[in-house]
Amino acid sequence: MMIVRDPSRPFAPGVPDLAAFPHAEWRRVLGRLWRRPPLDLMCGIDPLGHPPLRRAIAEHVGRTRAVRCDADQVMVVGGSQQALDLVARVLIEPGDRVLVEDPCYGGLAGVLRAAGAVAEAVPVDADGFDPALAERRCPEARLACVTPSHQFPTGATMPLTRRLALIDWAARRGGWIIEDDYDSDFRHAGQQAASLQGLDRHGRTLYLGTFSKSMFPGLRLGWLVVPPSLVPAFVAARRTADMAPAGLTQAAMAAFMEEGHFGAHLRRMRSLYGKRRRSLLDAAARILGPDLPVTAGEAGLHAILWLPEGSDENAAANAAHAHGLAPTPLGFHRVTKGCPGLILGYGNLAGWDLDDALKRLLSAISPLI
Ligand SMILES: Cc1ncc(COP(=O)(O)O)c(C=O)c1O
-19 MMIVRDPSRP FAPGVPDLAA FPHAEWRRVL GRLWRRPPLD LMCGIDPLGH
31 PPLRRAIAEH VGRTRAVRCD ADQVMVVGGS QQALDLVARV LIEPGDRVLV
81 EDPCYGGLAG VLRAAGAVAE AVPVDADGFD PALAERRCPE ARLACVTPSH
131 QFPTGATMPL TRRLALIDWA ARRGGWIIED DYDSDFRHAG QQAASLQGLD
181 RHGRTLYLGT FSKSMFPGLR LGWLVVPPSL VPAFVAARRT ADMAPAGLTQ
231 AAMAAFMEEG HFGAHLRRMR SLYGKRRRSL LDAAARILGP DLPVTAGEAG
281 LHAILWLPEG SDENAAANAA HAHGLAPTPL GFHRVTKGCP GLILGYGNLA
331 GWDLDDALKR LLSAISPLI
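The numbering used here applies: residue -19 is where the sequence shown begins, and numbers increase by one.
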């Protein structure tokens, strides 16, 4: 099914509130740089990325996610999608078995396929990815791709015992963990668990994050933190890919962080999305009722509407689109079949009447379930 991602429609997943973005501050930073661009940025750029941005990212993830790195381990990437692609180029040989969560981020499947890897699906439960189950299912795997802080898309948070077990697995197997920390800038409930990378004393974790949710997806900037021993291989892969993201955009992002605009924006958005999540859960319970439960993890920008067993989630998503809404079917992210559902983004609900959107959703899907 073709996924229509119209950010102007209610429930589009992965879309932050673009109206609340501090356009004036961003414009000032961009204007200043473009008026008098530093000559080195007009010529080329380090394949690891603009050093001030790498320093700002290392400081940010160190402070907020207990990631232990210095700026020389940070590679600025064109979003975490590119980080996944680089990881596959560097760490995967054709035929390798790679452990993936089921369901997982749909963009991972194509990357693994292109690298000739075999995805080994490990069903997630209420605690996310289960390392013991993964090892039983595929003892020969040496790479695991996980979203421990806010499992995508189910929303589970991986507890400390499993985090430590996964690190132990990687250390024993000489394997690698890809920690995709795509939206944990926004934690609304529960305790912010330390990143796997920060817990990992064996240097087996590659940590990736993105500005797509905290700034805007079209910015195409993110980061990849790699163990020091892997830096040269990643730099070589980067040279054959795109060299580096646009230097002036990186410089603007660095200035935006250094001048405190990013931190202030995050604080405002954290509070806004926390309220929006609460309103969505309350309104959904009231309007959709107990037969159509909506659950939301403790972080991020999306919830899941669970459809009754046997219902056609693609038809439900299409009907919702016909009613001017933009949820996506959960099955798009499944490796194997599972309970049907719709992913409801709540980042972009500004300007919409939430009750009205939920009533439209109910009337769209009612004939199909
Ligand atoms: C779990 C996960 N990983 C990676 C990405 C890719 O994000 P981007 O390439 O925009 O940084 C997404 C996008 O929604 C995602 O949900």
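Note that CB positions come from ideal geometry on N, CA and C, so glycine has one too.
Can you list, in chain order, the residues of its chain whose CB lies under 6 Å from that of L210, leaving out five sequence neighbours each side? Here the question's residue 210 lines up with position 230 in the sequence shown. Once the five neighbours on either side are set aside, L210 has no close Cβ partner at all.
Minimum C-alpha distance to C84 - residue among R69, A97, T134: Walking along the sequence shown from the start, residue 84 turns up at place 104. Considering only alpha carbons, the answer is T134.
With a floor of 4 residues, list each alpha helix (DSSP H) that falls wholly inside the segment 38 to 85, ordered by position along the chain. The qualifying runs are 60 to 71.
Compare the C-alpha of V98 against each of D107, D76, P119, E115 and name the closest. For the purposes of this step, residue 98 is taken as residue 118 along the sequence shown, with counting starting at 1. Closest by alpha carbon: D76.
Beta strand (DSSP E) segment containing A337, residue limits: Taking the sequence shown and counting its residues from 1, one reaches residue 337 at position 357. Note, A337: premise wrong, no beta strand (DSSP E); alpha helix (DSSP H) at 334 to 345.
Let me know if R116 comes out buried or exposed under the rule of 16 or more other beta-carbons within 10 Å of its beta-carbon. By one-based count along the sequence shown, residue 116 stands at place 136. Exposed, because fewer than 16 other Cβ atoms sit within 10 Å of the Cβ of R116.
As a quick exercise: from K255, D335, G325, A344, pick the residue whose alpha carbon is nearest that of V(-5). Position 15 of the sequence shown holds residue -5. Cα-wise, what sits closest to V(-5) is G325.
Quick one, are the C-beta atoms of Q230 and L66 less than 8 Å apart? For this step, residue 230 is matched to residue 250 along the sequence shown. For this step, residue 66 is matched to residue 86 along the sequence shown. At the C-beta level, Q230 and L66 stay beyond 8 Å of one another.
If we call anything under 8 Å between Cβ atoms a contact, is L204 one with F191? As a working mapping, residue 204 is identified with position 224 in the sequence shown. As a working mapping, residue 191 is identified with position 211 in the sequence shown. The Cβ-Cβ distance between L204 and F191 does not fall below 8 Å.
Tell me, please, whether the segment 237 to 245 touches the segment 319 to 335 by the rule of three or more beta-carbon pairs shorter than 8 Å. Cβ pair count under 8 Å is below three, so no.
Measure the beta-carbon distance from A151 to R184 and round it to whole angstroms, keeping in mind my assumption that it falls under 8 Å. Here residue 151 refers to the residue found at position 171 of the sequence shown. Here residue 184 refers to the residue found at position 204 of the sequence shown. So it is a contact: roughly 6 Å between Cβ atoms.
Going along the chain, which residues of its own chain have a beta-carbon closer than 7 Å to the beta-carbon of P17, five neighbours each way excluded? Position 37 of the sequence shown holds residue 17. Here the set comprises L228.
Go ahead and label P14 buried or exposed: buried means 16 or more other beta carbons lie within 10 angstroms of its beta carbon, across all protein chains shown. As a working mapping, residue 14 is identified with position 34 in the sequence shown. Looking at the sequence shown, residue 14 is not Pro but Trp. With fewer than 16 other Cβ atoms within 10 Å, it is exposed.
By the DSSP assignment, the beta strand (DSSP E) with P103 in it spans what residues? Residue numbering aside, residue 103 sits at position 123 when the sequence shown is read from its first letter. Its beta strand (DSSP E) spans residues 98 to 103.
Could you name each continuous beta strand (DSSP E) segment of 3 residues or more that falls completely within the segment 187 to 217, going from the start of the chain to the end? Here the runs fully enclosed are 202 to 205.
Just how far apart, CA to CA, sit E39 and D161? To locate residue 39, count along the sequence shown from 1; it is residue 59. To locate residue 161, count along the sequence shown from 1; it is residue 181. Those two C-alpha atoms are separated by around 16 Å.
Helix, strand or coil: which one does DSSP assign to T275? Translated into the one-based positions of the sequence shown, residue 275 becomes position 295. DSSP places T275 in strand when its eight states are reduced to three.
Roughly how far, in whole angstroms, is the beta-carbon of E278 from the beta-carbon of G170, given that I think they are within contact range, below 8 Å? Translated into the one-based positions of the sequence shown, residue 278 becomes position 298. Translated into the one-based positions of the sequence shown, residue 170 becomes position 190. The C-beta distance from E278 to G170 rounds to 4 Å, short enough to meet the 8 Å contact threshold.
Cβ-heavy atom distance, P197 to ligand 1, below 7 Å: For the purposes of this step, residue 197 is taken as the residue at position 217 of the sequence shown. Flag set: Cβ of P197 near ligand 1.
State the Cα-Cα distance for the pair L287 and E293, rounded to the nearest angstrom. Mapped onto the sequence shown, residue 287 falls at position 307. Mapped onto the sequence shown, residue 293 falls at position 313. Rounded to the nearest angstrom, the gap between the Cα atoms of L287 and E293 is 7 Å.
Quick check on DSSP: helix, strand or coil for F1? As a working note, residue 1 is residue 21 in the sequence shown. In the structure shown, F1 adopts coil according to DSSP, grouped into three states.
Beta-carbon proximity check, L79 vs A232, cutoff 8 Å: As a working mapping, residue 79 is identified with position 99 in the sequence shown. As a working mapping, residue 232 is identified with position 252 in the sequence shown. The Cβ atoms of L79 and A232 lie no closer than 8 Å to each other.
With a threshold of 16 other CB atoms inside 10 Å of the CB of M195, please say whether the residue is buried or exposed. Locating residue 195 in the sequence shown gives position 215, counting from the first residue. With 16 or more Cβ atoms within 10 Å of its Cβ, M195 is classed as buried.
Given this structure, state the Cα-to-Cα distance separating P225 from R266, to the nearest angstrom. Numbered from its first residue, the sequence shown carries residue 225 at position 245. Numbered from its first residue, the sequence shown carries residue 266 at position 286. So the alpha carbons of these two residues sit roughly 46 Å apart.
G59: CB within 7 Å of a non-hydrogen atom of ligand 1: On the sequence shown, residue 59 is found 79 positions in, with the first residue counted as 1. For G59, the shortest separation between its Cβ and any heavy atom of ligand 1 lies below 7 Å.
Spatially closest choice to P119 from D107, G108, V102, by CA coordinates: Sequence index remark: in the sequence shown, residue 119 carries index 139 (1-based). That would be V102, whose Cα lies nearest to the Cα of P119.
Could you check whether E238 and L36 sit closer than 8 Å to each other, using their CB atoms as the reference points? Counting from 1 along the sequence shown, the entry for residue 36 is found at position 56. Counting from 1 along the sequence shown, the entry for residue 238 is found at position 258. Rather than Leu, the amino acid found at residue 36 in this sequence is Ala. Yes, Cβ-Cβ distance for A36 and E238 is below 8 Å.
Please report the distance separating the alpha-carbon of V126 from that of L268. By 1-based counting over the sequence shown, the position of residue 126 is 146. By 1-based counting over the sequence shown, the position of residue 268 is 288. Between V126 and L268, the C-alpha separation is close to 31 Å.
L348 and S259 closer than 8 Å at C-beta: For this step, residue 348 is matched to residue 368 along the sequence shown. For this step, residue 259 is matched to residue 279 along the sequence shown. At least 8 Å separates the beta-carbon of L348 from that of S259.
Looking at L305: is its Cβ nearer than 8 Å to the Cβ of R256? Numbered from its first residue, the sequence shown carries residue 305 at position 325. Numbered from its first residue, the sequence shown carries residue 256 at position 276. No, Cβ-Cβ distance for L305 and R256 is not below 8 Å.
Can you grab the Cα-Cα spacing for the pair P31 / W332, in whole Å? Counted from its first residue, the sequence shown places residue 31 at position 51. Counted from its first residue, the sequence shown places residue 332 at position 352. Taking the straight line from one Cα to the other gives about 41 Å.
Buried or exposed by the 16-neighbour rule on C-beta atoms within 10 Å, applied to M(-19): In the sequence shown, counting from the first residue as 1, residue -19 sits at position 1. With a pLDDT of only 48 at M(-19), under 50, the local geometry of the prediction cannot be trusted, and no value is derived from it.
Extract the residue ranges of the alpha helix (DSSP H) inside the segment 222 to 283, only unbroken runs of 4 or more that lie entirely within it. Segments of the alpha helix (DSSP H) lying fully in the segment 222 to 283: 227 to 238, 241 to 267.
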